[in-house]
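The sequence shown begins at 1313 in this note's numbering and counts up by one. The C-beta atom is built at its ideal place from N, Cα and C for all residues, glycine as well.
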Amino acid sequence: MVKTRFAPSPTGYLHLGNARTAIFSYLFARHNGGEFVLRIEDTDRERSRREYEEMLLKDLEWLGMEWDEFYRQSERFDIYREYVEKLLQSGHAYPCFCTPEELEEERKEAQKRGVAYRYSGKCRALSPDEVESLKREGKSFTIRFRVPEGEEVVFEDLVKGYISINADDFGDFVIVRSDGSPTYNFVVVVDDALMGITHVVRGEDHIPNTPKQILIYRALGFEVPRFAHLPVILGEDRSKLSKRHGAVSVKNYREEGFLPEALFNYLCLLGWSPPGSEREIFSKEELIGLFDLKDVNSAPAVFNRDKLRWMNGVYIREVVSLERLYEAILPFLESAGYDVSDEDYVRKVLERTRDAYDTFTEAVEKLRPFFVDEVDISPEFWGRLEDMRSYEVLSAFVAKLEGRDIDTPEDVKALAKEIQKELGVKPKEIWHSLRIALTGQLEGVGIDVLLSTLPKERIIRRIARVLERFS
Ligand code: GLU
């Protein structure tokens, strides 16, 4: 059975790149009828924070991911200790008493000679007696993995193809720090092996770690899983996507009013597309049916915010149901202070305006005239009202509303036609007068849509207030 995992470190908000890793890992498991594990890698006590973990879970849930098993590395230290012991027993690991100063010396020396640094192996040959006496002296030590000299580690990556790295490039590396905490390269192997992970899907920044991990798998007699290293995501300027490019965390997009369905769909297309298809809009179920790691592009993907926005707009307009839209947008309308107590009215507004915005923050702006009682009219727009025959137009409009309903944009247009004929004004004067009086703006949702949706008393009240202000 296929089993994959997502293994974030809770040291910050969920980055779009990590979210994509999580999604690919999840889709691959589900596509193969397998299982998906969420593992919080919080062994770095200084940088890990519970609130980041909570936020990670929230973001992943929001994106629609479910996991079959959940682990936290900080709760597994006893297990790691047991495996460190095994490596020490079998001679695959040894204590190293070199001080940070000594190591710094070695590093400087390597720099001087212009060669890549690797540990000299000074403590490799300490005898058990020497180790005992150094420990008795209270000397602090790390534990290093004994890397076989000159070994060429080769693996077939499911995305990148064959990768070969010589063990001499990295040398004996630390698996337990001097404070007793185990390091990433070690615990990741113990966990992936004990959890039965068959496919390790992660970012390509982990390629240099993979040979180290493979050596540990072998030393512990574990089966080596398959690896799939995903290419980085770049910004429009072709540098690695980072804060410099604007919003890069899932939280940013959640708060800006993107639909998780759209973000999920968009992230899938960063480096993957179904073979032989130009299609871009897919439901999660369809993605589960189609996704395969072999179709992941080995070249970097470029994140395009405009495209994501566009896709979000498509989801709002065409993909999600009105009910889903209602439920997702409601918190945004509420926090803007809009009165949403009349659910039927809110649904009616949403049904008629879903082509007007691409995100919910944009919706909050565009839908303001549907929800507030009074709108601000800038001095410039007042000037325009006074230049046009607005007083007459607006008075005529209110008069015509007596005993008559305008339920559709067509009703509004018919009414405007009558005014145009009777007063001999230009259509533009009518539409601009109404628009400024009702919204305080010249752009936005169609005024015919607004007028046919807003309750009549509210239209009359709003126009009356404007009429009062004419001198
Ligand atoms: N905790 C690691 C990270 O966040 C996970 C690496 C891995 O998937 O092996 O980069």
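When rounded, the separation of the alpha-carbon atoms in E1416 and A1574 is 49 Å. Of G1376, S1321, H1343, the smallest CA-CA separation from D1356 is found for S1321. Relative to ligand 1, the beta carbon of A1331 is positioned no closer than 6 Å to any heavy atom. The Cβ atoms of Y1578 and L1620 sit closer than 7 Å to each other.
Uninterrupted alpha helix (DSSP H) stretches at least 4 residues long and entirely within the segment 1651-1710 occur at 1655-1665, 1672-1678, 1680-1683, 1691-1699, given in chain order. Leaving aside the five residues that flank Q1525 on each side, the residues in its chain whose CB is nearer than 7 Å to its CB run, in chain order, N1497, V1500, V1501. With a 10 Å radius around the Cβ and a threshold of 16 neighbouring Cβ atoms, R1556 comes out exposed. Rounded to the nearest angstrom, the gap between the Cα atoms of R1359 and T1323 is 6 Å. Taking 3 residues as the minimum length, the beta strand (DSSP E) runs contained wholly in the segment 1449-1515 are 1454-1457, 1464-1469, 1473-1478, 1486-1488, 1511-1515, in order along the chain. Counting C-beta atoms within 10 angstroms of its own C-beta, Q1423 has fewer than 16 neighbours from the protein chains shown and is therefore classed as exposed.
Pairing V1626 with K1678 gives a Cβ-Cβ distance that is not under 7 Å.
Taking the Cβ atoms as the reference, F1336 lies roughly 7 Å from V1608, within the contact range of under 8 Å. Nearest neighbour of K1552 by Cα position, chosen from A1405, V1687, N1616, turns out to be N1616.
In terms of CA proximity to L1571, F1672 leads the group Y1529, V1471, F1672, D1503.
Residue selection by CB proximity (closer than 7 Å to any heavy atom of ligand 1) returns A1319, P1320, S1321, N1330, E1353, Y1496, V1500, V1512, R1514, G1515, H1518 in chain order. With respect to R1664, T1765 sits close: the two C-beta atoms are nearer than 7 Å. For L1542, the enclosing beta strand (DSSP E) covers residues 1538-1542.
If you ignore the 5 residues before and after K1606, its C-beta comes within less than 7 Å of the C-beta of L1470, all in its own chain and listed in chain order.
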